[in-house]
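Asks: Numbering (the numbering used here), first residue to last: 1 to 677.
C-beta atoms are modelled at their ideal positions from N, C-alpha and C, and glycine is treated no differently.
I'd like to ask some things about the structure below.
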């Protein structure tokens, strides 16, 4: 093992040589300049000296000359190897031969060449050479240094020209900053981008490329980078820049601190890219995306609107059929009961017939619920909106909702800060039951249904119903609100749950959205506006009025108007059985003629709403012009002409009776309307 003195002003080079020689087993001592190397050579007496040539202060050539002239004989005869990246071997040969340099090894060569040169120097031992005279050495030294300086100057000029060419042709603006954040160079492209001359961009002028709020931050980044206080990472900004002529551009600015302790360089590099075209393309793509989304929503709305109209029409026709069927069924049951009571029919026979008819009645009730769902989806169900405290309503409904969730399902109610909403409580109850039941069906193995209330950023009341069930894939989610679309086979009313919920919410002026992922559950979010509403009249018979002395029913006349023969017939029989005198008409014009021929007052007008020609609302207005004291009861299974777009009554103060109705409901409505005030 030998002692090797490594001389280099670059720490990284010394570390690399020390590691390389250390692996060979040599002891390495390091010197950062020529003066330090001379001192170590005379104190430590290295076996070999490996030195760079080009160094500040005492360079490698002068180091060898002084070493050979040293009074210490052992240091003066130490073999020296030049290890350089700046000098080629022919350039150093004259002085190397004169000073007794053992070998010149280029850094670009294989590292093994350095190790071999050290081995050769150790084998050859100390160098026995007489140093050149000082004046002769100075001449050779100056010639070598000048030649290298000329070469370096030419290389530097070449590098500068290459940089200038690169910067001038760069598609981005380039700024070089000193350690204080002042621009010392800007390329022509930055002037093209900003429309500002270079002299306005130098010093702190480059900050015009940034928003004023970020100027201090940017300068602090440069100063911290110069002080090596932060990591030299790139900082990015994107901002709008307005030229002097008012032309607006979008700039992307990249700021990267630069720190080179060896070269004593500090500052930052700034690159400015004009991305106006990119921003315009992004905005155009955003507009196109929003347009496609709007078109998709419009198509969905049109499709749902078509389905709503179809559902409303179906409900209207079905309600008329159902009303007649249930009406005649009621009359049949009453007739059988009367026959049994009068002894004209055997009790056993009556019981059997009534049992069969009871099954028909149950089927009719199920059909009635189906029409209610169709009407709710079609937003054609008369509502009675009132101010509702949602949290209090949920607390009161907790038991019923838990029953709807069923066994094995946990119901978690989380009330929040909710403003009152305007909605029909009956429809809100139906809505919550539908959503809880739908969530239950998504968790056949049990789970948790979470109902959360809150307030949106726009002040609307929100109700979310979440489950941790199967979730929905995108193709199912896209059709979830369509009526009769379902992934639940075997259900007799499959596909109307979410469709009905959608109708209830939109009729109340709110919005309903779904979010779901397969295996991640589903969340239904309802937003309802906290706005006051004008309550409509109840959809069922109103409560009886305060006690008053009624007129004898036999003296009261009711005009019934309905274009459905069967339904008109059964309704007339209901009215007659209640003790009133009944006049009938098939449409509005006939009703006016019947009233004109009738001798005496008509106390109540009971009219269907949807009729060909003159509808029920038009008939009522015209009829009341001649008979202002007549009471009006509207009956309908599809109240198109009686509600506005929000489902509120256009006839406040009128009784509205939804089809199909029972004899008792009709009688109660007549008694309430005809009571003496």
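#1: How many angstroms separate the CA atom of residue 100 from the CA atom of residue 62?
#2: From the DSSP output, in three-state form, read off residue 271 for me.
#3: What's the call for residue 47, buried or exposed, on a 16-neighbour Cβ count within 10 Å?
#4: Less than 9 Å between the beta carbons of residue 462 and residue 415, yes or no?
#5: To the nearest angstrom, how far is the alpha carbon of residue 257 from that of residue 210?
#6: What does the Cβ neighbour count give for residue 481, buried or exposed, with the cut at 16 atoms within 10 Å?
#7: Could you check the C-alpha separation between residue 269 and residue 290 for me, to the nearest Å?
#8: What residue from 276, 563, 273 has the CA that sits closest to residue 584's CA?
#9: Output the distance between the C-alpha atoms of residue 36 and residue 195, rounded to the nearest integer angstrom.
#10: Kindly list the residues whose CB is nearer than 7 Å to the CB of residue 235, restricted to its own chain and excluding five residues on each side of it in sequence; keep chain order.
#11: Could you give the distance in angstroms between the alpha-carbon of residue 12 and the alpha-carbon of residue 184?
#12: Can you tell me the Cα-Cα spacing of residue 59 and residue 40, whole angstroms?
#13: Give the DSSP bridge partners of residue 193, in chain order.
#14: Can you tell me which of the three DSSP states residue 599 falls into?
#15: Taking the Cβ atom as the reference point for each residue, do residue 592 and residue 497 lie within a distance shorter than 9 Å?
#16: Along the chain, where does the alpha helix (DSSP H) containing residue 500 start, and where does it finish?
#17: With three or more beta-carbon pairs closer than 8 Å as the criterion, would you say the segment 572 to 590 touches the segment 629 to 636?
#18: Output needed for residue 9: all residues of its chain with C-beta closer than 8 Å, excluding positions within five of it in sequence on either side, in chain order.
#19: Is the segment 417 to 435 touching the segment 381 to 398, taking contact as three or more C-beta pairs under 8 Å?
#20: Using CA coordinates, which residue listed in 67, 38, 500, 249 is at the minimum distance from residue 273?
#21: Within the present structure, is the beta-carbon of residue 174 separated from the nearest heavy atom of the ligand COA by less than 8 Å?
#22: Report, in whole angstroms, the separation of the C-beta atoms of residue 371 and residue 307, which I expect to be a contact under 8 Å.
#23: Rounded to whole angstroms, what is the Cα-Cα separation between residue 502 and residue 615?
#24: Between the C-alpha atoms of residue 281 and residue 238, what's the straight-line distance to the nearest angstrom?
#25: First and last residue of the beta strand (DSSP E) that includes residue 241?
#26: Should residue 82 go down as buried or exposed, given a rule of 16 or more other Cβ atoms within 10 Å for buried?
#27: In terms of alpha-carbon separation, which member of 500, 182, 450, 314 lies closest to residue 430?
#28: For residue 242, I'd like the list of residues in its chain whose CB is within less than 6 Å of its CB, leaving aside the five on either flank, ordered along the chain.
#29: Considering only the alpha carbon of each residue, which of 215, 68, 442, 117 lies closest to residue 182?
#30: Would residue 574 be called buried (16 or more neighbouring beta carbons within 10 Å of its own) or exposed?
Replies: Let me spell this out:
#1: 13 Å
#2: The answer is strand: DSSP assigns residue 271 an E or B state.
#3: When all chains shown are included, residue 47 counts as buried.
#4: no
#5: The alpha-carbon separation between residue 257 and residue 210 amounts to approximately 16 Å.
#6: buried
#7: 39 Å
#8: 563
#9: 54 Å
#10: 221, 255
#11: So the two alpha carbons sit approximately 29 Å from each other.
#12: Using only the alpha carbons, I get a separation of about 16 Å.
#13: Answer is none; residue 193 lacks a bridge partner.
#14: coil
#15: No, they are not a contact pair.
#16: 497 to 507
#17: no
#18: 32, 33, 52, 55, 56
#19: yes
#20: 249
#21: Summarising the ligand content, the structure contains no ligands, and the ligand COA is consequently not present.
#22: Actually they are not in contact, since the Cβ atoms of residue 371 and residue 307 sit about 15 Å apart, beyond 8 Å.
#23: 28 Å
#24: 16 Å
#25: 235 to 242
#26: buried
#27: Considering only alpha carbons, the answer is 500.
#28: 248
#29: 215
#30: Residue 574 comes out buried.
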